[in-house]
Each structure stands twice: as structure tokens, then as C-alpha cells.
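Using the numbering used here, the letters of the sequence shown map in sequence onto residues 2 to 620. A virtual CB, placed ideally from N, CA and C, is assigned to each residue, including glycine. First comes the structure, then the notes that go with it.
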Amino acid sequence: MSQAAAQAQAGDTQSQAPASTSSSTPAIPQAPVVLLRRPPDWAEHEKPALPGSPAMPYHHPWVRLCYGLIAVLIALTGGLGNALFSANLPTIQGQMGLTATEAAWLSGAYVMFNMTANLLVYKFRQQFGMRLFAEIGLGAYAMLCLLHLVLGGYDSLILLRAGSGLAAATCSSLSTLYMLQAAPRSYVLKMLVLGVGVGQLATPLAWIISPGLLYNSEWQNLYLFEAGLALLSFAAVVTLKLPPGMYIQAFEKLDFLTFCLMVPGLGLLIAVLVQGYSLWWLDSPRLAWMLVGSIVLLSVALYIEHHRRHPMLHTRWFAQMPTIRFVLGAMLLRFLTTEQTYGMVGLMRSLGMTPDQMQPLFGVILGGTLVGVALSAITFGVPQIGRQILAAIALFATAAFLDLHRTSLDRPSDFFCSQFLLAVGAGIFMGPLMLTGIIQGLKYGPNHMLTAIVTISMTQAMGGLLGSALLSTYQTHRQQVYSVALVAQIDPSDPVVAERLKLQNQIYGKVTVDPGLRVNQGTLQLSQLVRREASVRAYNDVFALTAAIALLYLLWSLGASARVRQAAVMLRAMTRQSGDQAAAAAATDGTPQREAETAAPAAETGPAGPPRPAMNSNG
């Protein structure tokens, strides 16, 4: 997705990088550009900003409409595969008889292929074009869906989840590129936000349509639906092609060595995160060995990249303080969104809510996401990036605070307000976050583009995995604490407890005549109620934790923004003072006053304004 964002910023941002920044980073020579095809004779406003990006020619309105509709189709194809799987995981797990560990491998296969595909897609589109990669990804995804319908086994489902991750990486970039063609170049930033935002609609849509797809337990409909979407997107991409771009020799031999080290290294790290909860972190030596293997493989890959003449990943960029702040901030933003995907959904499932009962709630979430994306697109711009991210953090904190003090009597309708606010925040922050990462990369030149893209992808994937892993671990720990505390309070000699046990025994009076069995069943029923109440209290602690993190992140962001504004004011004051001193010195030396007066404002206004996006100048 962020690869298309580069097209919106590359033309102007790199030329505006401050001299102090470039001097603080060791200069890395650009790889020689070798054109593989002779580019067309583009007009100036049609030229692609980067190799591999399509040109931006004029289209008739009906053609632009077709590009926009195809962008929506591709984005939903990439997002609905994993969203449908996540929404129906209990059904799939029960239908196939999978353990929690086996189900976790399915999620890990998707994330691993989705994350590592971004290492390839940027250079692949520079050398071979985006359409070929899309045809490979969508074609493989459709074939794996049909294969699983024939075989229906666990191995074929693992392959399908891996193919879904590859297709999602393809569709996220491709849908944004198609969306950019749906409007004139002057609207490219707003179309960028829309291209990214459409993919965010997949999760609530999956929850809304799942009950209809699984009517009468026909699980095959899920995979038929996925295969149909993939084939439709494949046909649309082949029928209405993107405009041609500039294709260069992008791959080097060492790229494949780095890729062969990064893929298993990231795969082992993802396996630790998805299996840590089910195997428990400190109880399985296998997790420790996987973590050691991941560290070794990733360290070797980064060592090779650090000493390459033309690296694929610029390790020195990761050591810059702005990059560190961006990585931490991006992961925290993604972490906060798991309050919805893990916290709210987990609580509702623990209370016995089914997907059809949660349809109205996800309809509200869908509306909130649409509102957030629309607000982000309307107000989007480089000067507004910080304000939009602050607004998203504030909405996350508000939603988490509203979800405190939930009880076992709460139902999906009780979450309408909080989840609407969280969905609005999720719809707002993704576009500004991507643009921030792209600008951070382009400050050091277009050869840092792939590094910025991989960083954005990994922060979102890792933020989601860490969020689910940490929150599930915390929830399990707190549930055990509350269970012990509640059980300790149950005294059979207490009249209230004795009356409750009597009522539980009477429930099974018509089922069994054995008094001892009735007592055991009543005690079991009471213990289930205790576990349910302990689970609800534990989820309340999860909401409290996310609220505290969001509030601290908001306060830190406000403080950082205040420091930036203060530094800008001081810089303008120093510039104004130096201009006045220069004018006074010129007057003393006999220089005409008119020249001094015209020089001072020029020095004053130089660093004041924010960089202007490239597309506005081309519009």
C-alpha cells in the first residue's frame, strides 16, 4: 500500500531534505539506473514519480470511474480473505477438529507471507511491472482456494492462508495504484487515503456477510466466495491495465541472499508470537530455539545489508532518532486497534455471542470506518498529519475508557458508541502514518524507498501480532487471578452460596435422578459462571491497560508537538534577528537600505512553511 504512496511524494520531498539531515547520515551511493524498456514520450505532468509506478495520463470520466471500482474490488479481495477467516475461526476450528496450536499456525502462515512479500513486490514492480506480480498473486490465491475445496485438509488450508497473505500484499499496493488513476493528479493525496481506507472496510464487512455465507453450516461457501473474488480481480486487472511506467534493472544477486535469510528469520519470529500464548511463553523450549534462530538469521541478513554498496535495506536509516520514534509510534497505533479485534470480540465470544448477533455492531463499525476515512481524505495534507494522528490517538483512548466496567450482562448494542469512535480513529490514522513514513524515507533519497515501505509493513504486522500476544497473555493472567479470588469467596456454609447451589441442582432434576450427579453438575455449572465472571473482569483490565497506554501516548505526542512548535518559533525569531542585524550592518557600511530590506524577509520565510506535496505543483 505504501509503495503507491511514494508516487505521491517522491517528486518533491527528496529535494527538500534539510542539509543537516543528509550530513548526519553516511552517504550511500545510488545504484546505476539501467532502463529495461524505452519509456513513452510523456508530458511533464504525466511522468511517474518513481520507476515501477504507472504514469498519470488524462482519462475520460467513465474510465476514471472504472479505475475506482476496480480499486475497491481489489482492496476488498485482499482484505476479505483474512477477515473472513478471523471472523469464522471458531467455526473452522470446530469443523476441522483443530487444536489451538494448529489454528495459530494458520494465522502465522498468513502474516509471514504477507510481510515477506513486501520485500519482493517493490523491486519486482520496478523491473517487471505491478500487473505481472498481481496476476501471479491473485492467480495463485484463486487456485489454492479451489484446491482446498477439493482436498479440504489441514495442509491445503495452510497453503491457502499463505496464498491469502501473498494476495493481500499484492492487492494493498495494486488497489492504491488503481485508486490514484481515478482522479486528476491534483487529488492524489486524497485518493491515496481512499485507496488505503477501502481495505480497512474488509473486517467489518466480513462479520456482516459471514452468517449468510455459513447458512446451514455450508463452510465451502467461504472458499467459493474467496475464489470468486480473486478471479474477478484477476479479470479486472487484465481487462483494464494500469498505464505503463518506467522499468529498470532493480534486482541484484545479494538481494536473493538477504531474502532467503529474512524469510525464515521473520517466519520464526512470527511463529514465536502466534504460538507463545497457546504453548505458554516460558513452558516450551521450542519457542526459545525458534527465537534464537530468528535472531541469528535476521542478524546475518542485516549484517550483509549494512556492508553492501547498494543495500536493499538501509540499516543506518534505522539508527536515526526520527526513524526510531516513527517505528515505535506506528507499532503503538496498530497495538491500540487490537482493543477492538481482540478485546471487544474476545469478550463477546466469551459471553456466547455469535456472528449473527454481532452483525449490527459491525454495521456500526463499518459506518465509523467510512466516516474516519472520509474525514481523513477531506482534511489530508502534509501540515495536517500530526493533528490527524493526535485525533486518532484521542479517539482510541476515549473508546477504551468507555469500555471500562463491562459486565456479563452487556450485549453488542452496549458497544455501539465506543466501537464507532475506535473505528473512526482507525479510519483516520492510516493515511497520515503512511505519508509520514514515506517522507522519512525520501529525506535520504529514493534509494531508501524500499526500506521505508518494509518498515511501514512490518510495524503494522508486528503491532497487530504483539497486540494480540500481549493482550491475550495479560487477559489469561488476570483471569487466573480473578478465578482464584472468586473461588476463595465461595463458602458452601454461606446461606447465599448454599441457596445458589440448590438452584443449580434443581436445574438437572429432570435430567438425572442421581442426587450425587445432580450435585456435581450444579457445582460444575457454578464453576462455569465463576470463570465467565473472571473472564469479564480480565477483559476490563485489558480495556484499562489499552486506555492507559493510549492516554500516555497522547500526552507524549502532545509534548513532542509542543516542542516542535517551540523550536519553529525560536528558529523564526533567530532568523528575524539575524536579518535585522544584517540590515543594520548593511546600513552602517553604506549599503542601500532597500537591498537590506528585501534580503531580510527572504531569510525569514525560508524555513517557516512545511514542504509542499509534489502533486500540487503538477496539478
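Spatial neighbours of residue i in its chain, beta-carbon cut-off 6 angstroms, leaving aside the 5 residues before and after
i: residue 314; result: 306, 452
i: residue 28; result: Its pLDDT being 45, under 50, residue 28 is placed unreliably in this model, and the value from its coordinates should be taken loosely. Excluding residues within five positions, none has a Cβ falling inside 6 angstroms.
i: residue 125; result: 134
i: residue 422; result: 396, 399, 400
i: residue 222; result: 214
i: residue 147; result: 228
i: residue 275; result: 105, 108, 109
Close-in-space but distant-in-sequence residues of the same chain around residue i (CB under 7 angstroms, 5 per side omitted)
i: residue 460; result: 328, 331, 332, 335
i: residue 539; result: 476, 479, 480, 483
i: residue 418; result: 403
i: residue 488; result: 531
i: residue 387; result: 562
i: residue 339; result: 465, 468, 469, 472
Cβ neighbour criterion (16 or more within 10 Å) applied to residue i
i: residue 24; result: Summary for residue 24: the model assigns pLDDT 38, below 50, so the residue's position carries little reliability, and this model does not support an answer.
i: residue 242; result: exposed
i: residue 261; result: exposed
i: residue 549; result: exposed
i: residue 268; result: buried
i: residue 454; result: buried
i: residue 278; result: buried
i: residue 240; result: exposed
i: residue 224; result: buried
i: residue 379; result: exposed
i: residue 115; result: buried
i: residue 257; result: exposed
i: residue 217; result: exposed
i: residue 425; result: buried
Alpha helix (DSSP H) segment containing residue i, residue limits
i: residue 80; result: 62–88
i: residue 256; result: 254–280
i: residue 461; result: 450–489
i: residue 118; result: 101–128
i: residue 342; result: Counting along the chain, residue 342 falls outside any alpha helix (DSSP H), and DSSP gives it neither H nor E.
i: residue 307; result: 286–307
i: residue 251; result: Counting along the chain, residue 251 falls outside any alpha helix (DSSP H), and DSSP gives it neither H nor E.
i: residue 220; result: Here residue 220 belongs to no alpha helix (DSSP H), and DSSP marks it neither H nor E.
i: residue 180; result: 155–181
i: residue 367; result: 360–380
i: residue 657; result: Outside the shown range of the chain, which is 2 to 620, sits residue 657, and nothing can be said about it.
i: residue 132; result: 131–152
i: residue 197; result: 189–201
i: residue 417; result: 417–443
i: residue 396; result: 386–403
i: residue 317; result: 316–319
Helix, strand or coil at residue i according to DSSP, with G and I counted as helix
i: residue 55; result: strand
i: residue 560; result: helix
i: residue 349; result: helix
i: residue 98; result: coil
i: residue 246; result: strand
i: residue 599; result: In this predicted model, residue 599 has a pLDDT of only 41, less than 50, meaning its place in the structure is not dependable enough to derive any value.
i: residue 211; result: helix
i: residue 547; result: helix
i: residue 236; result: helix
i: residue 92; result: helix
i: residue 231; result: helix
i: residue 329; result: helix
i: residue 313; result: coil
i: residue 536; result: helix
i: residue 495; result: coil
i: residue 241; result: coil
i: residue 574; result: helix
i: residue 283; result: coil
i: residue 322; result: helix
The ligand ATP heavy atom lying under 7 angstroms from the CB of residue i
i: residue 372; result: This structure does not include the ligand ATP; it has no bound ligands of any sort.
Under 8 angstroms between C-beta atoms of residue i and residue j
i: residue 393; j: residue 429; result: yes
i: residue 72; j: residue 180; result: yes
i: residue 374; j: residue 194; result: yes
i: residue 76; j: residue 204; result: no
i: residue 1; j: residue 110; result: The structure shown does not extend to residue 1, since the chain spans only 2 to 620, so no value can be given for it.
i: residue 166; j: residue 97; result: no
i: residue 545; j: residue 371; result: no
i: residue 220; j: residue 92; result: yes
i: residue 58; j: residue 47; result: yes
i: residue 52; j: residue 246; result: yes
i: residue 209; j: residue 364; result: yes
i: residue 351; j: residue 534; result: no
i: residue 420; j: residue 362; result: yes
Short CB-CB distance (under 8 angstroms) between residue i and chain C
i: residue 470; result: No chain C is part of this structure, which consists of one protein chain only.
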